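Student: So the sequence lines, in the order shown, correspond to chains F and Z.
Quick note on the working numbering: the first sequence kicks off at 1 and runs consecutively.
Quick note on the working numbering: the second sequence kicks off at 1001 and runs consecutively.
We treat Cβ as the ideally placed atom computed from N, Cα and C, and that holds for glycine.
Predicted model, so just to flag it, every value in this text is computed and none were measured.
Sending over a structure as structure tokens; questions will come in a sec.
Protein chains: 2
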Amino acid sequence: MAETYWKAAAKALREKVKNLKSLFPDQTKITKDAKPVSPLAPKSGFPALPRILGVEFAAVEAGIRYQNRKDVMLVQLAPGTTIAGAFTRSSTRSGCVRDCQTKLATKVPTGAGAALIVNSGNSNAFTGKAGDKAVAAITNNVATALNIPVSRVFSSSTGVIGEPLPYDRIITKIPQLISNLRENAIDMAAQAIMTTDTFPKGSAATVQGEGGPIHIAGIAKGSGMIAPDMATMLAYIFTDAKLPQASLQKLLSRNINATFNSITVDSDTSTSDTLILCATGQSPAAEPKGTILKAFETALHGVMRDLALQIIRDGEGATKLVEIRVTGAKTNADAAKVAFSIANSPLVKTAISGEDPNWGRIVAAIGKSGATADRDRLSIRFGDILVAEKGWRNPKYQEKDGAAYMLQDELVIAVDLGIGRAKRSVWTCDLTNRYIEINADYRS
Amino acid sequence: MAETYWKAAAKALREKVKNLKSLFPDQTKITKDAKPVSPLAPKSGFPALPRILGVEFAAVEAGIRYQNRKDVMLVQLAPGTTIAGAFTRSSTRSGCVRDCQTKLATKVPTGAGAALIVNSGNSNAFTGKAGDKAVAAITNNVATALNIPVSRVFSSSTGVIGEPLPYDRIITKIPQLISNLRENAIDMAAQAIMTTDTFPKGSAATVQGEGGPIHIAGIAKGSGMIAPDMATMLAYIFTDAKLPQASLQKLLSRNINATFNSITVDSDTSTSDTLILCATGQSPAAEPKGTILKAFETALHGVMRDLALQIIRDGEGATKLVEIRVTGAKTNADAAKVAFSIANSPLVKTAISGEDPNWGRIVAAIGKSGATADRDRLSIRFGDILVAEKGWRNPKYQEKDGAAYMLQDELVIAVDLGIGRAKRSVWTCDLTNRYIEINADYRS
């Protein structure tokens, strides 16, 4: 009986989900292709991004997997642009990623231009030698058409793993992409790189340089398979600053840990994670140095953090944005262990989705992390509410206060280990039925 | 609009779940207290376990958290019983666990008897000094009542974390527990230790010793917060073998890695995991040596493995039992990393729940594991079906074969890394909406 009942219940629930569209006739489909926007999306929509001199964008429909939407973007970068990158450390990373890494390690011809080409719908990952061939074909074609060295053409692919990439569909569109290139099309580019994303992601900043303003504008995509080593995400950030390649790479590397490497939706690292930072040098401002360089780095950090948090805001099925703020750890490694142990705990994440202030699960996540911790020295706070300390619940803590706090869309869970001075903040979202729905039939 | 829609959709789904009981009038409640039995439960029900001479059981209703069910069990062990144990390595482990560990390290009075006392409904974890006081009060009372040294009374508590344990309710029941003690009540004990479990777990084996049979009988509980370092689980295994304490501990330690430390429901390690193995020495058989000892170890391993797999079969919301079988790894540590990376991947687990043969997510989980892997040397199989090798999908593989395989209740996902000779198997279950439902409102 029990088994029959269980299966019938599961079937009924699945039917219910299928029938949601009839309950909500103003939505035609609840699928990956036509889905409601995340409740955590920025209320103001896609921001107005400044034009970056020396960068042009184009996007087209190539029909790689999705229909009736743009799925390939091309970015052309003016001669003299310096480029830095950061990539997934997955040992099964895609051909595009390996190709970008090789090219970034290559000596760049003086004054050469550059290009980025990105498709969504198919990640071209785990596609063997055929995948490498596709990367070569795409980047060679772009290089020839734009008359730039192939070592300056970087590609990314995002989407399903293990399916052959129909790269001829991309190559066919290269002339159209090139003729569409223009400076003010970054918003179309942001849309073209989306997969399960429910909104396009952009962020910008401006810094006063010596001789004029320096602009930064970035776009990103990512929603599931998000975890450190950088989340399943693609991000492209452009600036008109004058910065040598080595300085640019140093800035990127120094700021990635606290931004893109501090987010996790589901602890699953992708094979395709890519962040590329391009500096065209076309601002009238001189190369930033001293306090201006510091201001630029702060602004860049802000753009990187904003894009990273937008990815969490679009976490598959997310209804809560949660910062896990760990302080008082013995070492930086311990702080990270505790922060990610909490951020990746399915029990913590389901409790958050149920708006249950279940701090016992936070204790358990601290305990399993492998970091040095002492039951009697750690404290736990929900926002400013002291929930537990000295090995037990704070006697003044009332469950109703915790429960009221959990109703908010954005939460801070703060853990002080009371042992040392190391700290780490990471961001995650809750784990909901919608995550299961999205991922149980992503491909079907 | 989108946000309103989203919230309405979530509310509608939640209502649907609440209304399931009206769809299925023969089930009164779908809650943690009255839930359908897991579809993966052994079809034959709770097994008939042999009596172990020198072990007596009792269980009563103490009303610690649950109503109308037994929630405390007592086990009395005859003088001369040797005891071994294995425990969670959580740094926030409970007072009971610390107490058991201290006592097992204590020199045992010759010929003393022993006792185990276990409650469900409250884990007495993260309850500070009050928690330690509760453990002392309970074990001291049992020691006095049974006239055995307190260093030979071991306690466990399982259930919600961080709530004070109303231990007076347990102490009041000790006389009743003692008067109920009998050899053939192990099934009642198995029921009394359940929390979110949907069925009681038992396993047994018999080995022919020199001079008579040697029996093994064990019980376990566990359903969520199951991960290595030993899963949120309690297990008590009894044998009438004559085995010195040091031998018993060696047998336990040697077999725990491939059994209880190879299961994961949700990667969440508990603060209370406890396995206690007791040998009364009351079998007519001589102390097992040589081939008989080997046979005994094999039988013990079988009981441990069976109990561990029953915990996965009762994984919260589980509809599939999945073995992740990794071979060809460079080191044992690498094999374990890959196996657990796959077994804990939410994307792999949701794909399994959707019966989607999504091998790309397995590739991604291998890649993120941190183990040495080479895209072009690894292979992936679903059961006997070769899905991928040489860096790509097997050209003979057909999606419909993979999809048909995934419909089964019990699956084997085999990964050969093609690099070395190390291997590891671990067991997990799928990740379903039911897991979310159970854990989003465990306490409410």
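1) Alpha carbons only, please: which of F:T428, F:A440, F:I413 is nearest the one belonging to Z:A1403?
2) State the start and end residues of the unbroken beta strand (DSSP E) segment that holds Z:P1109.
3) Can you tell me whether Z:L1023 is helix, strand or coil according to DSSP?
4) So which of F:S369, F:I311, F:A48 has the shortest CA-CA distance to F:I193?
5) Counting only Cβ pairs nearer than 8 Å, list the residues of chain F close to Z:A1388.
6) Where does F:L411 fall in DSSP's three states?
7) For the beta strand (DSSP E) that Z:Y1236 lies in, which residues bound it at each end?
8) Between F:S157 and F:S90, what straight-line distance do the alpha-carbon atoms span, to the nearest angstrom?
9) In the structure shown, what three-state DSSP assignment does Z:R1051 receive?
10) Do you know whose CA, among Z:G1054, Z:T1102, Z:L1040, lies nearest Z:L1181's CA?
11) Return the residues of the region 281–308 of chain F that lie within a Cβ-Cβ distance of less than 8 Å from chain Z, sorted by chain order.
12) Do you know whose CA, among Z:K1043, Z:C1096, Z:R1254, Z:L1431, lies nearest Z:T1350's CA?
13) Please classify F:P284: does DSSP put it in a helix, a strand, or coil?
14) Please confirm whether Z:S1091 has its beta-carbon closer than 8 Å to some beta-carbon of chain F.
15) Whose C-alpha, out of Z:F1126, Z:L1104, Z:N1261, Z:L1293, is nearest the C-alpha of Z:L1307?
16) Count the other CB atoms within 10 Å of the CB of Z:E1183; is the residue buried (16 or more) or exposed (fewer)?
17) Can the beta-carbon of Z:I1216 be found less than 8 Å from the beta-carbon of Z:V1075?
18) Taking 8 Å as the CB-CB limit, is Z:N1439 close to chain F?
19) Report the three-state DSSP secondary structure of F:D430 (helix, strand or coil).
20) Any beta carbon of chain Z sitting closer than 8 Å to that of F:K29?
21) Short of 8 Å Cβ to Cβ, which residues in the region 387–407 of chain F face chain Z?
22) Got a sec, what are the start and stop residues for the beta strand (DSSP E) Z:F1260 sits in?
23) Output yes if chain Z places a C-beta closer than 8 Å to the C-beta of F:R254; else output no.
24) Among Z:I1380, Z:T1106, Z:F1238, Z:V1426, whose alpha-carbon lies nearest the alpha-carbon of Z:A1364?
25) Does any residue of chain F have a CB that is nearer than 8 Å to the CB of Z:L1165?
26) Under 8 Å Cβ to Cβ from Z:N1068, same chain only, skipping five residues before and after it: list those, please.
27) Taking the alpha-carbon of F:A185 as reference, which of F:I276, F:D273, F:R325, F:R51 has the nearest alpha-carbon?
28) Where do the N-terminal and C-terminal ends of the alpha helix (DSSP H) with F:I142 fall, by residue?
29) Select from F:L77, F:F340, F:A285 the residue whose C-alpha is nearest the C-alpha of F:V426.
30) What is the rounded straight-line gap between the Cα of F:G159 and the Cα of Z:C1429?
31) For F:R93, which residues of its own chain have a beta-carbon under 6 Å away from its beta-carbon, when the five flanking residues on both sides are left out?
32) Return the CA-CA distance between F:G345 and F:I366, expressed in angstroms with no decimal places.
33) Using DSSP bridges, identify the partner residues of F:K221.
34) Hey, would you say Z:A1285 sits closer than 8 Å to Z:I1237, going by beta carbons?
35) Nearest by alpha-carbon distance to Z:T1264: which of Z:E1323, Z:D1401, Z:L1040 is it?
36) Among residues of its own chain, excluding the 5 on either side of F:I138, which ones have a beta-carbon nearer than 7 Å to its beta-carbon?
Tutor: Taking the geometry as given:
1) The shortest CA-to-CA distance from Z:A1403 to any of F:T428, F:A440, F:I413 is the one to F:A440.
2) Z:P1109: not part of any beta strand (DSSP E); DSSP gives it neither H nor E.
3) Only weak support exists for where Z:L1023 lies, its pLDDT of 38 falling under 50; the coordinates are left without a value.
4) Out of F:S369, F:I311, F:A48, the CA that lies nearest to the CA of F:I193 is found in F:I311.
5) Within chain F, the residues near Z:A1388 are F126, G162.
6) In the structure shown, F:L411 sits in a strand (DSSP, three-state: E or B).
7) Per DSSP, Z:Y1236 belongs to the beta strand (DSSP E) from 1234–1239.
8) In this model, F:S157 and F:S90 are separated by some 15 Å (Cα to Cα).
9) Shown here, Z:R1051 sits in coil according to DSSP, grouped into three states, outside any helix or strand.
10) Proximity to Z:L1181 across Z:G1054, Z:T1102, Z:L1040 peaks at Z:G1054, based on C-alpha coordinates.
11) With the criterion set as a beta carbon lying under 8 Å from some beta carbon of chain Z, the region 281–308 of chain F has no members that meet it.
12) Of the listed residues, the one whose Cα sits closest to Z:T1350 is Z:L1431.
13) For F:P284, the secondary structure class from DSSP, reduced to helix, strand or coil, is coil.
14) For Z:S1091, a Cβ of chain F is located within less than 8 Å of the residue's own Cβ.
15) Distances from the alpha-carbon of Z:L1307 to those of Z:F1126, Z:L1104, Z:N1261, Z:L1293 put Z:N1261 closest.
16) Z:E1183 comes out exposed.
17) The answer is no: Cβ separation not under 8 Å.
18) Judged by the 8 Å Cβ criterion, Z:N1439 is in contact with chain F.
19) It is coil, neither helix nor strand.
20) Since pLDDT at F:K29 reaches only 35, below the 50 mark, its modelled position is unreliable, and no value is offered.
21) Closer than 8 Å at the C-beta level to chain Z, one finds these residues of the region 387–407 of chain F: A388, K390, G391, W392, R393.
22) In the DSSP assignment, Z:F1260 falls outside any beta strand (DSSP E) and carries neither an H nor an E.
23) For F:R254, no Cβ of chain Z is located within less than 8 Å of the residue's own Cβ.
24) That would be Z:I1380, whose Cα lies nearest to the Cα of Z:A1364.
25) For Z:L1165, the answer is no, since every Cβ of chain F falls outside 8 Å of its Cβ.
26) Annotation for Z:N1068: E1061 place their beta carbon closer than 8 Å to its own, counting only its chain and skipping 5 residues before and after.
27) Residue F:R51 is the option with its Cα nearest to F:A185.
28) In the sequence as displayed, the identity of residue 142 of chain F is Val instead of Ile. Element bounds for F:V142: 128–146.
29) If we check each option's Cα against that of F:V426, F:F340 comes out closest.
30) Distance between the alpha carbons of F:G159 and Z:C1429 is about 26 Å.
31) For F:R93, the CB contacts under 6 Å within the same chain, skipping 5 residues up- and downstream, are T271 in chain order.
32) Residue 345 of chain F is actually Ser in this sequence, not Gly. In this structure, the CA atom of F:S345 is about 10 Å from the CA atom of F:I366.
33) In the DSSP assignment, F:K221 forms a beta bridge with F:L234.
34) For Z:A1285 and Z:I1237, no; Cβs fall outside 8 Å.
35) For Z:T1264, the closest C-alpha among the options Z:E1323, Z:D1401, Z:L1040 is that of Z:E1323.
36) Hits under 7 Å: I117, S155, Y167, I170, I171.
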